[in-house]
Each structure stands twice: as C-alpha cells, then as structure tokens.
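Visitor: This is the structure, below, for whatever I ask next.
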Amino acid sequence: MPSRHSFPAALSICKLQYNSSFSLSIEQLHSQFLQPFSIYTASVSNPGTDMPAFSARRHSPSSDPTSETRVAVTPRKSRLRSDPDAAIASPLRKSPRLCKEGSPNSSPKIEVIRKCLKSSLNLSGSPEKKQLSEDFVERQTWDPREETQLRAVNEALHLSTAPPNVVCRENEKNQILDFCSKCVKEEKAGSLYVCGCPGTGKTLSMEKVKVMLVDWANKEGVQPPDVLSINCTTLANMSEIFSKVSSEIVFSTFTWHEDDVSVILVVADELDYLITKDRSVLHDLFMLTTMPFSRCILLGVANAIDLADMFIPKLQSLNCKPMVITFCAYSKDQIINILQERLKALPYTVFQPQALELCARKVAAASGDMRKALAVCRSAIEMLIGESMLSSVDGTEDQQKPAANNMTSNQVRIHHVAAALSKVYKSPVVDTIISLPQHQQIILCSAVKLFREGKKGTTLGELNKYYVDVCKSTMIPPVGILELSSMCRVLDDQGILKLGQSREDKLRRVTLNVDGADIVFALQGVRFFRNCLK
Amino acid sequence: MAETQQMKKFKTPSKGTPRAKHPISLDHHIAPQTPQSATPSAINLRRSHRLTAATPEHRPALSSFNTPKSAAKTRKICEDPPSILPTETSINPASPPPVESRKKRKFQEKSAEKRKDSRNVKCKRAADRKVKKKVYHKKVVYDGGEFSAGHDVYVKRRSDASSDDEDPEVEECRVCFKPAGRRVLIECDDCLNGFHLKCLKPPLKAVPDGDWVCCYCVARKNGEVMEFPEPQAGKKRARTAREKLLSSDLWAARIESLWKEVDGTYWFRARWYIIPEETAVGRQPHNLRRELYRTNDFADVEMESTIRHCFVMSPREFANAADGGDDVFLCEYEYEVQWHSFKRIAEIDSNENDGEKVVDNDADWNSCDESDSGSDFNSEEEAAYENEKRNRLSQSSSLRPVAANSRKGQIFGLQKIGAKKIPENLRSRKQTDLEKAKSTLLLATVPKSLTCRDREMNEITTFIKGAICDEQCLGRCLYVHGVPGTGKTMSVLAVMRNLKSEVDAGSIRPYCFVEINGLKLASPENIYSVIYEGLTGHRVGWKKALNLLNARFSDENKCRKDTRPCILLIDELDLLVTRNQAVLYNILDWPTRPNSKLIVIGIANTMDLPEKLLPRISSRMGIQRLCFGPYNFQQLQEIISSRLKGIDAFEKVAIEFASRKVAAVSGDARRALEICRRAAEVADYRAKKTALSSSDASGKVMAGMADVEAAIKEMFQAPHIQVIRSCSKLSKIFLAAMVYELYKTGIGETTFEKLAMVVSSFCANNGETFPGYDTLLKVGCKLGECRLLLCEPGTRHKLQKLQLNYPNDDVTFALKDSKDLPWLAKYI
C-alpha cells in the first residue's frame with residue numbers, strides 16, 4: 186500500500202506545522218482537506234479512464250467518498266426500505282420489544298433487557314415478579330437514619346454519578362459505535378447526528394461510546410482516534426469551535442510519523458447553539474467531514490429532530506448527509522430498569538417495587554426525562570427521612586415495632602413517591618390563587634367575568650372598569666389604576682395573567698394565562714366571590 | 026516558599042518581658058511630669074542603679090549633636106537624684122511634639138467605668154492638673170511591657186471571653202505538655218506545634234535541615250487518623266497567643282501612635298493585621314502558616330486590651346529570624362478591606378520617596394553608636410534611652426520637608442479626617458419613641474429576628490446542609506420564587522449568616538459563598554468573571570473565566586486544591602436569561618457534573634421561570650422549588666410589631682390597620698414598613714407642632730389610626746388627582762369637556778375639533794371668555810405632556826385624536842368640587 190499522503194497533503198500539513206499560531210481559521214482547515222481533492226478532481230475528471238496509478242489509492246477511504254458513504258451513512262429517507270442495515274438504524278418505536286424481536290442480530294444483552302422488561306411489565310402476577318420481589322427481600326434492610334447508607338443512596342441516585350453500564354440504550358450505543366469504528370477502520374470521515382429529548386441519555390451514551398471506541402481500537406490494533414469533546418454552550422464565540430478542532434489537528438500532526446495520522450473524533454454536545462443567522466458555522470462544521478482527505482468523525486448531539494434536515498438540501502449535494510440516530514423518551518419499563526440498575530449496587534433495598542413503578546409511570550407519561558425520575562426518587566427519600574425524623578421525635582415506643590413492619594417502614598413507599606410527584610407535576614395554580622391578596626383576587630374575578638362574554642383579550646383600561654364595577658358592587662374601595670397595573674404585573678410574574686407590551690400602560694393587552702375554570706374553582710371557596718361570579 | 030518556611034526551625038521559649046505586678050506608666054514625653062510617675066518599684070530601682078554607671082558615658086556623645094539649649098537642659102537634669110534620672114533623660118526638648126498633640130480634642134468615647142480602678146492615680150492627677158488635652162507619646166511602658174509606635178501587639182478580641190484570661194508565654198511540648206525548659210523545641214512546619222526532640226517517636230538527635238513535618242501531620246496526610254495525646258485529666262492544654270491569633274481568638278495590631286487621654290488612660294491607634302482566613306478569599310494554598318496581612322483598617326484601642334508584643338516581619342526578616350520564638354509572623358501583603366485586594370507592602374513602600382531611606386541610614390548610623398553604648402541592651406531604661414534617641418534622630422531627619430510630609434500623611438492623615446466628631450453631649454437628647462420607631466422601621470435596618478419565614482428558612486437550611494455536610498457534596502439546585510417584598514433574599518442571607526456562625530463554631534465544614542445580583546451585572550456573561558473572582562480572588566475576563574470555571578467544575582480526575590463546596594446565590598435569576606440561554610445552561614449544568622461541589626440557589630419573582638426556559642435547562646434545574654407567598658395581615662402585623670418591640674410608639678389598631686390594608690393589595694412587607702414609617706413621621710410632626718404651640722409636652726403622642734390613614738392616602742393615592750386639582754382653569758374646563766364628550770358619545774376617544782366645540786359652548790353658557798383655538802391647542806398639548814391625555818403624536822392639528830389616560834371617574838372625582846369653577850359639576 187503506497188503512502189496515503191500524497192505530496193500536497195504533506196505540504197499542507199507542513200504548512201500547518203510552520204504556522205506558528207494555533208488558532209487556525211476555517212480556511213486553513215479547508216485548505217488542508219481540500220488540496221488533495223482539487224488534484225483528484227483534476228486527474229479523475231474522466232470517470233471512464235481509471236488510471237492504474239490511482240487504483241490503489243482508491244481504496245483509501247477518502248478518495249472515493251460516494252461508495253463508502255452509502256454503506257455507513259444511511260440516508261434517512263432510504264431507511265424505511267427493507268435494508269438490513271436500516272433495521273438497526275431505525276430508532277426505537279413505542280415499544281422496544283417490537284423492534285428487537287424483528288432485528289436479526291440481537292445481542293445477548295438485549296435478551297437480558299427483554300427479560301427485565303417482561304418481568305417489570307407483568308408485575309401483576311407472573312412468576313418472574315415474585316422472583317424479583319424475593320430478590321428484594323433477601324437484601325439487607327436499609328436504615329435511612331444512618332449517615333453512610335443515606336449518603337450511598339443519595340450518591341447512587343445523583344445526576345453526576347454515571348452508572349457503570351448504560352442500560353436501555355444498547356441499541357443506539359452499538360449503532361454509534363459501529364459507525365465510528367467503521368469510520369476509524371477505514372480512516373474516512375463521517376458525520377452522525379444524535380437527537381432526542383432532554384434526559385434521555387444522549388451525552389451519557391456518548392461518553393461511553395468514546396471509551397468503548399478507544400478500547401475497541403486498542404483491541405483491534407488500530408490507531409485510536411483523538412477524541413475532542415466540546416459542549417457548544419461553553420464556547421464564548423461560535424467560531425471558536427474551529428480553533429479548538431484545528432489546535433487538536435495541529436497537536437496530532439506534531440506527533441505524527443509517516444503513516445499513522447489518527448482519526449479525529451469530534452463530539453459536539455448541544456449542537457444547536459452553533460446555529461447562527463446564516464448557519465455558516467454549522468454548515469462549515471459538517472463540511473469538514475466532506476473533504477476528501479479529512480479524517481474527522483463528527484458526532485453532533487442536540488434536542489431538535491430537524492436540525493440535520495435544515496442542511497440536507499445543501500449537504501446532500503455534497504454527499505454528506507449525516508446519519509441520524511434518535512433517542513426516544515424513556516418508556517416506563519426502561520425507567521424502572523435504569524433505576525433498578527442504579528440501585529443494584531447498594532446492598533439494601535430502598536424502594537418498594539410499586540413505588541418505583543409509580544414514579545416511572547408518571548415520569549414516562551409526562552416527559553420520559555430520566556433526570557426528573559431521579560429527582561423524584563431523591564425527593565421521595567427526603568420525604569421518608571423527614572417522616573422518620575418526625576416519628577423518632579414523637580416517641581420512643583415506636584422502636585419496639587415488629588421487624589417486618591420496620592423493614593417496610595424503612596423503605597420508600599408509594600405515598601412518598603406520590604408526594605414527591607405531586608411536588609413536580611401538580612399545578613400550583615389553585616393554591617396560588619387562594620393565597621393571593623384580596624384585590625388581586627378581585628382582578629382575577631373581574632377578568633373571568635370579562636372573558637365570559639366571549640372575548641379572548643382586553644386592555645388594562647378595560648379591565649380597570651370591570652374591576653371598579655366589582656369593587657363598587659361589593660362596597661370595597663377600589664385602588665387606583667397605577668396600583669392596578671402594578672398588581673397585574675405581579676400576577677404576570679406568577680404566571681396567572683399575561684400582559685402584552687405597549688407604550689401606554691393603559692393599552693397593555695391582558696389575557697388570562699390559566700384556565701378560567703381554575704380561577705372559578707379556586708375562588709368558589711370564598712363566599713364573597715361566589716356572589717360575584719354568579 | 027521553602028526558603029521562607031525554613032526560617033524557624035528552632036523554637037526557643039518565647040521570652041516575654043517580665044511583668045510587674047502593678048502596672049507602671051512611664052511618661053516619656055514632654056508632658057510636665059511629676060516625679061512620682063516613675064514610682065521606684067523594685068525593678069526600676071535595680072535597673073536605674075545599673076544605669077547610673079552607664080549614663081556618664083552617654084552624655085558627651087549625646088550632647089555633641091544636641092542643640093546647645095537641649096544640652097543645657099540635659100545637664101540640668103543630670104543633677105537630679107539618680108532614681109528618677111533615667112526617666113528624665115528621655116525628656117528631650119529637641120524632639121518637638123507632633124502637631125496633633127497641640128490640638129485640643131475632646132474624646133468622649135471612653136466611659137469611666139471601663140477604666141481599671143486604681144491604675145495610675147498619680148498620672149491621672151498629673152493629667153488633671155494640666156489642660157485637658159491628649160498627649161502624644163513616643164513610647165509607653167505599660168503593664169511591664171514597653172510599647173512604642175511601630176511595635177506589633179496582640180489585642181484581646183472580646184473583653185468577656187474567658188479563654189483570653191490565661192496567657193502562657195512559654196510554649197509547651199505538644200506530647201508531654203511540659204514547657205521547653207532547656208531542651209530544644211522543634212516546630213512542625215505544617216501544624217506549628219512544638220515538640221521536644223526526645224518526645225518524638227522515634228526521637229530526633231538533632232534538628233534536621235530543611236522542612237520538617239511531625240509524624241501526626243504525616244499520618245493525617247496519608248489519610249490515617251492519629252490523634253494528639255490528650256493532656257492529663259484536670260489539666261487544660263494552654264493555648265499560646267499565637268494559636269489563638271491564628272484561630273482568630275485574638276487580634277494583632279501595629280501601633281501607629283500612642284497617646285494619653287484626658288482621663289489618664291493610654292490609648293493607641295492600631296492598624297490591624299488579619300489572618301488569611303478572614304480575608305474575602307479565605308486561606309489560599311500558597312499562604313504560609315504564620316502569614317498575616319496588614320490591613321488599611323485603623324482603630325483606636327485602649328492599652329488595657331493589649332496582651333504583649335508579637336513580631337510581624339517582612340519576608341526577608343522572617344527568613345533570618347531562625348529562632349524568634351513563637352510570636353513571629355510574616356507579613357508580605359497589605360489587604361484592602363473595602364476592595365478585597367492585596368498589594369505587596371514592598372511596592373507600597375517603594376512608592377514612597379527616599380525619606381524612608383534617610384531614616385534607614387540614620388538607624389544604621391545609630392546602631393553603630395549603640396555598639397559602644399554599653400552591653401546591657403535588655404535593660405528597660407537603656408532601651409528606652411536608645412529608643413528615645415533614635416526617635417529624636419529620626420525626627421530631626423524628618424525635618425526635611427519631603428520625608429516629613431510623607432511620614433505624617435501616612436500616620437496621622439486619617440486621624441485628622443476622623444477628628445471631626447460631633448460631641449456626644451450635643452446630641453444626647455433622648456430619642457423619643459417615635460424617632461426610635463422611625464429608625465427601626467427603615468428598610469435598611471436589619472431586623473434582629475426574622476419572623477414568619479421559619480418554615481422556608483428551615484427548608485433552605487436543610488437543603489444547604491444536606492449538600493455541604495456530605496463528604497461527597499453532591500451538586501444541587503434550588504429555585505426560590507415569590508412576589509417582591511416577601512423576604513426571599515433576606516431569608517436566604519439569614520440562613521447563610523447562621524451557617525457562617527456554625528462554621529465559626531466548627532460544627533460544619535467551611536465553604537465558599539458567592540452572592541450575585543443579576544441586576545448588578547453589566548451583562549449576563551459577566552457572571553462568569555464575578556463567580557471566578559468570588560472563588561479565587563482573581564479578576565479575569567468572562568471568556569477566560571468561563572474556560573477556567575469549566576475546567577474547575579468538570580475535572581473529575583485532577584484533585585483540586587480547593588475542595589471546599591461552593592454555594593452560589595444568584596438573585597434576580599431571570600435577568601440571566603439570554604437569547605440562547607447559554608449562561609443559565611452552563612450555571613445549571615455544573616452541579617450535575619461529578620465532583621463539582623457546587624450548590625446553586627436562584628431567586629426570582631417569576632413563578633414559572635423554569636417552564637419558560639428551554640426544556641434542557643429546566644431538566645437540569647431539578648425539581649427543588651421554594652415558594653414565598655405574599656404575607657397575610659397577621660404576618661405583616663407580626664413583622665411590624667417585632668420590629669417595634671420595646672418601643673411604645675404605635676397604637677395596636679394602627680398597626681393592624683396598616684397591615685390589613687397592605688395585605689389586601691399586595692402583601693408586600695416593604696410597603697407595610699414604609700407606611701408605618703411614614704405614619705410615625707406624621708405623628709412626630711404632629712407632636713412637635715403641639716409641643717411648640719402649647720409648650721408643655723406632657724401628653725405622649727402615639728401614632729394612631731389617623732396617621733396611618735394619612736400615610737396610606739399619601740402612598741396609595743395616585744398623583745394624577747393632585748395634578749388635575751392643581752392645573753389651570755382652562756385645563757380644567759378642557760378636561761371636563763373631555764369627560765362630558767366621552768360620556769355623551771360613549772366612545773373612548775374624541776377629536777380636538779369636537780372638543781373645541783364643547784369647550785366653546787361651555788364658555789358661552791357660563792360667562793367665560795373663549796380663549797381661541799390656538800390657546801386651547803396649547804393647553805391640550807400641555808395636558809398631553811403631563812400624560813393626563815393621550816394625544817396623537819407629533820402634529821398639532823385640529824383633527825388629532827385625544828384619549829384620557831386615566832379613568833373618567835378619577836377625573837370626575839378630581840374636578841367635582843373645584844372652588845374656582847363651581848359650574849363644572851353640573852356637566853360631570
């Protein structure tokens with residue numbers, strides 16, 4: 186195999202080496218990747234004449250981008266067709282089971298998951314469930330009053346502790362790993378875009394993939410890639426990302442001997458922070474992977490599904506459509522699974538299985554955000570501690586409780602989780618309205634009356650009229666309009682009213698931000714308002 | 026670092042000056058002195074005898090550079106009895122008294138009962154005899170020690186602290202608890218404890234070269250637990266003054282000037298030293314164990330509260346002080362208390378002119394002189410004599426204008442500014458209850474106790490404690506929200522104060538606390554540099570700070586030097602929301618990183634801020650919320666009455682009335698306090714008026730319902746009513762016509778043309794002269810300018826549309842009973 190580095194490439198790298206400043210601009214990056222390309226286009230302009238001198242080179246990945254990308258980077262549209270690769274690439278649908286049963290190459294790990302899922306699905310009466318709960322009983326009892334145990338539990342459930350193995354994301358992880366390892370093995374560029382809701386384990390999987398990729402490379406005897414991970418929010422300036430990438434490149438070229446230029450793996454978290462008005466930064470970033478000699482694997486992570494679509498028209502013409510992997514929101518079973526995985530390391534049971542299930546069901550129904558689920562679990566533990574503190578203060582005779590009772594009392598039960606969940610998901614509107622000062626309640630009351638007539642919005646002056654009317658009818662001295670507008674601002678802060686912008690205070694647009702029925706419900710308790718609202 | 030740390034290998038037992046049982050004060054200055062002031066105590070006698078032999082040798086040398094007049098005087102003194110000779114020699118007319126001492130000043134700050142009973146009765150008498158004025162001294166012998174300007178002393182921190190009573194001057198061995206005696210104490214470079222060479226395990230033969238760390242510290246560093254041996258039962262380990270100072274039970278100060286008050290007590294102006302823990306940045310890893318900072322903070326301290334000398338040295342001196350005893354400290358930097366900044370003292374000194382150098386030269390020359398002056402330099406009088414001589418010399422050298430100015434400006438300048446004190450007796454008039462009430466109701470007054478927010482404060486306390494008491498210190502986030510004036514910031518700060526006192530007491534680990542107000546940031550991004558400055562004391566640009574903070578909070582492998590947990594309080598969090606919300610994302614992302622040890626508390630008014638943010642940010646924010654609801658009237662009442670506790674100025678109903686009124690509208694405690702303060706002012710005014718008119722101020726005036734009512738009216742009543750009532754006749758007609766027109770048509774707006782018709786008909790019917798369109802237009806514009814009307818912008822043409830900016834009822838109310846235009850009422 187001839188040296189992969191033709192003269193121009195070496196030249197450009199030399200150029201780089203002599204470039205004293207590390208902050209290379211995008212142009213220099215381009216020049217590095219582009220120069221060989223220009224030669225090739227000149228020489229292989231006629232596809233029919235396959236020059237023998239270049240035939241060997243064509244095996245080198247970047248010289249023939251089209252044939253390679255078709256395999257690795259599955260275009261999004263064609264995924265729907267019956268392509269064996271596409272089945273892997275397809276994201277998880279509603280139920281993970283359906284996907285996995287269809288896929289021919291399901292790993293033993295997946296089998297394990299399936300078992301776990303089944304067991305947690307059929308909690309109502311399958312033998313597996315009994316086995317599971319017995320497993321719990323065998324464990325030591327947990328005393329929430331003991332410092333070290335509590336600390337261990339809190340640590341296990343904290344966001345910052347990454348679990349040793351990422352469950353429920355094997356499929357996605359393997360896909361990313363396959364993609365990366367293929368790119369590394371063939372030493373060619375590629376881009377991949379990972380999207381999904383917050384708290385679905387994107388960044389966590391990426392961290393794992395990075396480690397696994399290096400491990401894999403060492404095992405295979407391939408030059409391990411240089412990993413550069415950037416969180417785009419930490420960039421002071423959008424185009425700073427290029428200087429980071431180029432400094433990485435320069436660094437690797439300094440330590441470069443003859444053949445082994447390693448591949449650079451760029452992991453850009455929160456990619457959508459790079460969106461500028463003309464989208465040039467993001468575009469240039471993806472363009473890095475299209476250069477023929479580039480050895481840059483770009484993994485972008487963001488929330489938006491359509492981020493890659495914005496560039497498809499442009500990038501398609503350049504034949505670098507990024508592969509897209511979607512991280513779905515966690516389902517109930519997955520959440521249970523992950524929570525159990527985190528708690529497995531502890532030698533004692535902390536949660537009743539039902540409590541965990543309640544938490545998982547609620548969170549999965551609302552957002553599927555794992556961070557939320559963990560937060561709920563932690564606050565449920567806090568509730569349990571508060572309760573046990575209270576009971577220990579109350580009396581000492583409680584200590585003589587039977588052991589079985591004691592064991593369950595030391596576990597987080599359903600009502601703890603329910604209380605924690607209500608803290609998160611319960612709408613505080615009614616409570617807030619009840620605790621408002623009287624005049625603000627009158628404002629809300631008059632607003633409800635006003636909007637009953639079918640209007641959607643009104644102005645502050647109009648509202649004042651209604652307010653004065655209500656006040657007069659109940660013999661309460663009204664406050665002035667300046668005071669009224671400041672009260673409306675307070676209500677706006679609390680998210681009950683919505684105030685529009687206007688030059689004149691009087692003409693500011695007022696709309697209700699909560700349901701009118703909520704207000705009526707909250708104010709019904711007061712007899713004073715019951716008459717008003719009739 | 027190593028070079029400076031090496032300095033103090035040996036620990037000789039610190040030699041404190043022997044103490045006389047009865048404090049003696051020697052007046053070494055031009056103050057006319059009674060011979061008795063040098064009461065011949067045993068020590069004095071002994072020393073003075075010794076000195077008599079020495080004095081003749083001194084005379085010629087001294088007089089050789091004295092002015093003839095002063096020489097004559099010394100000679101005259103020589104004829105005095107030998108017992109008082111030493112003191113008298115120091116009365117040197119060649120050293121002119123500082124300018125300040127000639128100024129008459131009355132300091133009342135010292136109360137008589139603080140004075141020690143029988144101290145210096147004679148001195149006092151002497152002082153009484155002369156004119157009442159402060160006398161400055163070069164040197165004071167007090168309580169057996171000899172103090173002069175430029176010395177460093179320990180100062181008692183609290184007069185009541187019992188721990189300050191015993192003051193072991195001799196350090197004990199940390200293992201056997203016996204004083205050093207003849208054996209050598211070796212000092213550990215880490216914990217500063219002293220050890221006998223024999224007591225160590227294994228015992229040391231000789232003092233090793235280089236740094237030496239005791240086995241206890243080595244064990245602690247290796248993670249083992251190795252306790253120091255406990256003293257025998259019933260015995261308490263005596264803490265040395267150095268230990269107390271470094272654990273901030275004592276203070277150290279530098280004496281800038283000394284004087285005798287008119288009542289005979291001795292005072293000095295102290296320039297404080299502080300230990301690194303007391304600076305804003307806390308102890309940094311590069312701080313030496315014995316490092317102090319000189320501050321720019323001065324105070325007048327009575328000599329009574331000093332303990333004894335300590336020795337604060339520059340790094341060069343410190344390195345040479347191999348066995349200076351236990352009271353040696355290092356001071357390299359000056360700390361500015363107001364700006365929390367450090368400056369190398371050497372740089373400050375080099376900025377001064379060469380006057381300093383001249384003095385140095387003198388000192389050198391002087392020391393040459395000393396060499397032949399006798400061997401017994403330790404003797405008190407001898408030292409006094411030498412010192413006096415040096416003072417005189419430096420004084421004479423500082424007659425050079427430049428040097429003198431710089432010197433004086435530095436030492437006495439601040440005193441001059443502070444001298445304009447208003448004598449206490451001028452404002453000793455007892456404050457009335459109303460005045461006291463006014464001052465306690467000010468918003469700036471911090472209440473002694475916080476009422477009505479116990480639940481919330483408990484929650485905050487458990488939140489913070491749960492985070493920082495852990496060894497692991499997992500990052501957390503708390504969002505505090507609530508309407509303005511419900512005590513959000515105050516509660517959090519009160520919790521932090523309590524925690525601070527717990528840290529001082531040692532029950533929880535130290536942490537660093539950074540408080541940021543979003544309103545005070547020039548731009549949201551600036552928060553990075555503010556945080557970084559709060560954590561490390563370095564000021565960098567925000568981009569660099571962002572990188573540094575990222576590295577700080579995300580490094581999991583590298584063991585950070587500063588492992589204290591960090592509490593970040595961000596007030597007005599909603600102001601940090603930028604267009605792409607990157608600032609909030611970063612701040613809320615850090616706590617989720619491993620080992621970040623960051624706790625974020627955000628405060629804002631908006632209830633639904635997390636929901637308004639991007640989902641990825643609210644996901645990181647967690648679910649910890651704390652809501653501060655508006656106060657109800659009982660709570661407001663409690664807040665006001667707890668502030669007014671002990672002051673009988675308000676009727677109870679008045680407080681209730683005010684709190685009910687506020688609770689009905691906003692529940693804002695600030696406003697309730699303002700109303701009450703205003704009511705107190707109204708009542709005070711009333712009281713003074715009655716006192717003036719009836720001259721017998723017998724009846725006690727309390728703020729009642731009427732005053733509160735007046736205050737509320739002032740506060741709640743909108744200003745526009747006042748404006749309408751006080752505007753011109755034509756404007757009133759104009760407004761009345763406007764109301765009339767709007768009422769008649771039922772539409773919200775009208776044109777100027779139509780309005781002019783109405784006005785002219787008004788005028789015609791009621792015998793007024795119609796002023797003409799131009800004037801009317803001008804009136805309309807004026808009303809538009811003061812925002813009573815909303816005019817169409819720009820053009821003043823007839824067809825411009827007009828709107829009332831305030832409700833019709835308000836205008837009607839204001840115009841109804843106008844005196845000059847009674848006929849307006851019938852149109853309204």
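Protein sequences appear in the order of chains A and B. The first sequence begins at 186 in the working numbering and counts up one residue at a time. The second sequence begins at 26 in the working numbering and counts up one residue at a time. Beta carbons: idealized from backbone N, C-alpha and C, even for Gly. From a predicted model like this one, the values you see are computed outputs, not experimental measurements.
Give the residues of chain E in contact with Tyr536(B), contact being defined as C-beta atoms less than 9 Å apart.
Guide: The structure shown has no chain E; the protein chains it does contain are A and B.
Visitor: Report yes or no: is there a C-beta of chain B within less than 7 Å of the C-beta of Gly680(A)?
Guide: At least one C-beta of chain B is nearer than 7 Å to the C-beta of Gly680(A).
Visitor: For chain A, is any of its Cβ atoms less than 7 Å away from the one on Asp495(B)?
Guide: For Asp495(B), the answer is yes, since a Cβ of chain A falls inside 7 Å of its Cβ.
Visitor: Using a C-beta to C-beta distance shorter than 8 Å, which residues of chain A count as neighbours of Phe741(B)?
Guide: Val664, Gly665 and Glu668
Visitor: Could you pull out every residue in the same chain whose Cβ sits closer than 8 Å to the Cβ of Ala277(B), ignoring the five residues on either side in sequence?
Guide: Asp177, Val178, Tyr179, Val180, Leu270, Trp297, Tyr298, Leu317, Cys335, Val337 and Phe354
Visitor: May I ask which residues mark the beginning and end of the alpha helix (DSSP H) holding Lys677(B)?
Guide: Judged by DSSP secondary structure, Lys677(B) falls within the alpha helix (DSSP H) whose first and last residues are Lys677 to Val690.
Visitor: Nearest-angstrom Cα distance between Gly219(B) and Glu342(B)?
Guide: Straight-line Cα distance between these residues: approximately 22 Å.
Visitor: How about Asn833(B): is its C-beta nearer than 7 Å to some C-beta of chain A?
Guide: The C-beta of Asn833(B) comes no closer than 7 Å to any C-beta of chain A.
Visitor: Can you check whether the C-beta of Ala560(A) is within less than 7 Å of a C-beta belonging to chain B?
Guide: yes
Visitor: Across the stretch 589–601 of chain B and the stretch 456–473 of chain B, are there enough close Cβ pairs to call them in contact, namely three or more that are closer than 8 Å?
Guide: no
Visitor: If you measure beta-carbon to beta-carbon, which residues of the stretch 343–371 of chain A are closer than 8 Å to chain B?
Guide: His343, Leu344, Ser345, Thr346 and Ala347
Visitor: Taking just the CA atoms, how far does Pro622(A) sit from Ala765(B)?
Guide: The sequence given here has Tyr at residue 765(B), not Ala. Cα to Cα, Tyr765(B) sits roughly 35 Å from Pro622(A).
Visitor: Take Ala629(B) and list the residues in its own chain whose beta-carbon comes closer than 7 Å to its own, dropping the five residues that flank it on each side.
Guide: His506, Glu597, Leu598 and Asp599
Visitor: Quick one: which chain A residues come within Cβ less than 7 Å of Gly14(B)?
Guide: With chain B represented from 26 up to 853, any question about residue 14(B) goes unanswered, as that position is not in the structure.
Visitor: Any Cβ of chain A within less than 7 Å of the Cβ of Ser532(B)?
Guide: no
Visitor: Residues of chain B with CB closer than 7 Å to the CB of Thr419(A), please, in chain order.
Guide: Result: Leu571, Asn575 and Asn611.
Visitor: Please decide whether Gly654(B) counts as near chain A, where near means a Cβ-Cβ distance under 7 Å.
Guide: yes
Visitor: Among residues of its own chain, excluding the 5 on either side of Val158(A), which ones have a beta-carbon nearer than 7 Å to its beta-carbon?
Guide: Since the displayed chain A opens at 186 and closes at 719, residue 158(A) lies outside it and no answer follows.
Visitor: At the 7 Å Cβ level, is Gly384(A) part of the contact set with chain B, yes or no?
Guide: yes
Visitor: Could you check the C-alpha separation between Ser687(A) and Thr643(A) for me, to the nearest Å?
Guide: 13 Å
Visitor: Measuring only between beta-carbons, confirm whether Val517(B) sits less than 7 Å from chain A.
Guide: Interface annotation, Val517(B): not in contact with chain A, CB-CB separation never under 7 Å.
Visitor: In terms of residue numbering, what span does the alpha helix (DSSP H) encompassing Trp401(A) cover?
Guide: Lys387 to Glu405
Visitor: Please look up how many angstroms separate the CB atoms of Asp495(B) and Arg336(A), rounded, as I've assumed it's under 8 Å.
Guide: 6 Å
Visitor: What is the rounded straight-line gap between the Cα of Ser447(A) and the Cα of Gly386(A)?
Guide: 28 Å
Visitor: By a C-beta neighbour count over all protein chains shown, 10 Å radius and 16 as the cutoff for buried, is His162(B) buried or exposed?
Guide: buried
Visitor: One question on the structure: do Cys380(A) and Ala551(A) come within less than 7 Å of each other, judged by their Cβ atoms?
Guide: no
Visitor: Between Val675(A) and chain B, is there a C-beta pair that is closer than 7 Å?
Guide: yes
Visitor: Any beta carbon from chain B within less than 7 Å of Asp554(A)'s own beta carbon?
Guide: yes
Visitor: At 4 residues or longer, and completely inside the stretch 616–676 of chain B: list those alpha helix (DSSP H) runs for me, N to C.
Guide: Here the runs fully enclosed are 634–637, 640–646 and 658–668.
Visitor: Identify the contact partners of Gly647(B) in chain A, using a Cβ-Cβ distance below 7 Å as the criterion.
Guide: Residues of chain A passing the Cβ test: Ala560.
Visitor: Using 8 Å as the cut-off, can you tell me whether the stretch 337–356 of chain A makes contact with the stretch 418–435 of chain A, which would need three or more C-beta pairs spanning the two stretches below that distance?
Guide: With a cut-off of 8 Å, the stretch 418–435 of chain A and the stretch 337–356 of chain A do not count as touching, because too few Cβ pairs lie within range.
Visitor: Between which two residues does the beta strand (DSSP E) holding Asn542(B) run?
Guide: Here the beta strand (DSSP E) through Asn542(B) covers Cys537 to Asn542.
Visitor: Could you tell me whether the Cβ atoms of Gly510(B) and Asp693(B) are closer together than 7 Å?
Guide: yes
Visitor: Is the separation between the beta-carbon of Ala728(B) and that of Ala697(B) shorter than 7 Å?
Guide: no
Visitor: Assign Gln596(A) to one of three DSSP states: helix, strand, or coil.
Guide: coil
Visitor: For Val508(B), decide whether its Cβ has a neighbour in chain A, counting only Cβ atoms nearer than 7 Å.
Guide: Chain A, which has a Cβ nearer than 7 Å to the Cβ of Val508(B), makes this yes.
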